[in-house]
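Below is one structure, written out as structure tokens, with a few remarks after it.
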Amino acid sequence: MTMRILVTPRTFGKSDPVPLAMLEEAGCEVIRNPHGRVMTEDEMVMMVRGVDGIIVGLDPVTRRVIDCGGSLRAVSKYGVGVNNIDIDYANSKGIKITNTPGANSAAVAEHALGLLLSACRHISASDREIRQGKWTQHPGFQLEGKTMGIVGTGQIGRQVAERAKGLRMSVLCYDIYPDGFWAEKADVAYCSFNELLEKSDFISLHVPLVDVTYHMISANQLARMKKNAILVNTARGGIIDEDALYGALTNNVIAGAALDVFENEPVTNSPLKNLDNVVMTSHIGAHTLEAVQNMGRMAVKNLLESLAG
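Residue numbers for the sequence shown, in the numbering used here: 50 to 358.
Below is the structure:
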């Protein structure tokens, strides 16, 4: 019997034919996202009818979407963060949820450091000014000898920490489940969240967006940070209170921010767009050819295994 699979990510199969071939070999009928963007809940409700499985990106898989997917048996996240999926409700309906941990870890870790370098050395600003006919030489910060704070030491956080060590930085880490064996091997140190905020020159966020991490960086936490600190976020936008961040950046509470994710995407009228001490990218941390290939193949494998089980 043919299984109908809804595939929502726009990059799925674009640079690698293998994931689509895997679905076809398994006898699946593939339904693609026709909108060329992340779909709304209403659009997902229309698309999910009659499908057996979903390979989903950032599109919402809410209670309403699940209820409209009467034959839905599995959802495979094309990526790591699952905050767009109502996992508890899906589980209550017997729908299996998987994701692709590790598939994009190197890509996101490299992007976090790229953002940090751009913020520290004013790379984006200098590029922009040259194109405007200006020749300005802004003094920046070196990374060597500084302290990097890593919030969340899952696969991405660990890769950022290890790369920071390669750039001759000291590394402090905070995680609710510290791994002393890894810390000793990587020559990094765990500490309390407040100590990390107070001692780090740069702070990079690598936690999932759940109830306890929503706005975990707000006015109180920003006030604890060094005045020359730079905050990097390649995780999820809701981890930072953006209004509090704007206040901190405009009142010299911290020196800068480098953001790949935002509470509302795509970014439209955020006041952060008007600040020179913010570097922004459009949630592209995981968008390398290698990561997209890894995510696509792993997402299909997970989905087919879930449907077979």
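All C-beta atoms, glycine included, are put in the ideal place defined by N, C-alpha and C.
Item to check | Delimiting residues of the beta strand (DSSP E) encompassing V220 | outcome: Taking the first residue of the sequence shown as position 1, residue 220 is located at position 171. Counting along the chain, the beta strand (DSSP E) containing V220 begins and ends at 219-223.
Next on the checklist: Tell me the DSSP secondary structure of L14 in three-state form.
Outcome noted: Residue 14 lies beyond the range of the chain shown here (50 to 358); nothing can be said about it.
Item to check | Cβ contact (3+ pairs, closer than 8 Å) linking the region 144-157 and the region 337-356 | outcome: yes
Item to check | In DSSP terms, what C38 is bridged to | outcome: Summary: the structure shown does not reach residue 38, with the chain confined to residues 50 through 358, and so no result is reported for it.
Next on the checklist: Is the beta carbon of V341 closer than 8 Å to that of T60?
Outcome noted: Walking along the sequence shown from the start, residue 60 turns up at place 11. Walking along the sequence shown from the start, residue 341 turns up at place 292. Yes, the pair counts as a contact, with Cβ atoms nearer than the cut-off.
Checklist entry - In the region 55-111, which residue ranges form an unbroken beta strand (DSSP E) of at least 3 residues, counting only runs that do not cross its ends? => result 77-81, 102-105
Item to check | First through last residue of the alpha helix (DSSP H) which encompasses M344 | outcome: What you label residue 344 is simply residue 295 of the sequence shown in a count that begins at 1. Looking at the DSSP string, the run of the alpha helix (DSSP H) that includes M344 is 338-357.
Next on the checklist: By the three-class DSSP mapping on this structure, what secondary structure does I289 have?
Outcome noted: Counted from its first residue, the sequence shown places residue 289 at position 240. Three-state DSSP puts I289 in a strand.
Item to check | Among I205, V349, V110, the one whose alpha carbon lies nearest that of E74 | outcome: Within the sequence shown, the letter at position 25 stands for residue 74. Closest by alpha carbon: V349.
Checklist entry - Going by DSSP, which residues form a beta bridge with K145? => result Here residue 145 refers to the residue found at position 96 when the sequence shown is read from its first residue. Paired residue(s): A123.
Checklist entry - Which first and last residues belong to the beta strand (DSSP E) in which I359 is found? => result This structure leaves residue 359 out entirely; the chain is present only between 50 and 358.
Next on the checklist: Tell me which residue opens and which closes the alpha helix (DSSP H) that N269 is part of.
Outcome noted: Locating residue 269 in the sequence shown gives position 220, where the first residue counts as 1. Run containing N269: 268-273, per the alpha helix (DSSP H) assignment.
Item to check | Length of the line joining the Cα atoms of I144 and V124 | outcome: Residue 144 sits at position 95 when you count from the first residue of the sequence shown. Residue 124 sits at position 75 when you count from the first residue of the sequence shown. C-alpha separation (whole angstroms): 7 Å.
Item to check | Span separating the alpha-carbon of G189 from that of I199 | outcome: The residue you call residue 189 lines up with position 140 of the sequence shown. The residue you call residue 199 lines up with position 150 of the sequence shown. Cα to Cα, G189 sits roughly 21 Å from I199.
Checklist entry - Just curious, the alpha helix (DSSP H) that G206 is in, first and last residue? => result For the purposes of this step, residue 206 is identified with residue 157 of the sequence shown, where counting begins at 1. Looking at the DSSP string, the run of the alpha helix (DSSP H) that includes G206 is 204-215.
Checklist entry - Among residues of its own chain, excluding the 5 on either side of N140, which ones have a beta-carbon nearer than 8 Å to its beta-carbon? => result Numbered from 1 along the sequence shown, position 91 holds the residue referred to as residue 140. Cβ within range, chain order: I146.
Next on the checklist: Using 8 Å for Cβ pairs, my map puts L55 next to I80. What's the rounded Cβ distance?
Outcome noted: As a working mapping, residue 55 is identified with position 6 in the sequence shown. As a working mapping, residue 80 is identified with position 31 in the sequence shown. Their Cβ separation, rounded to whole angstroms, is 5 Å, which keeps L55 and I80 in contact under 8 Å.
Checklist entry - Okay, do the region 284-303 and the region 262-271 touch, 3+ Cβ pairs below 8 Å being the bar? => result yes
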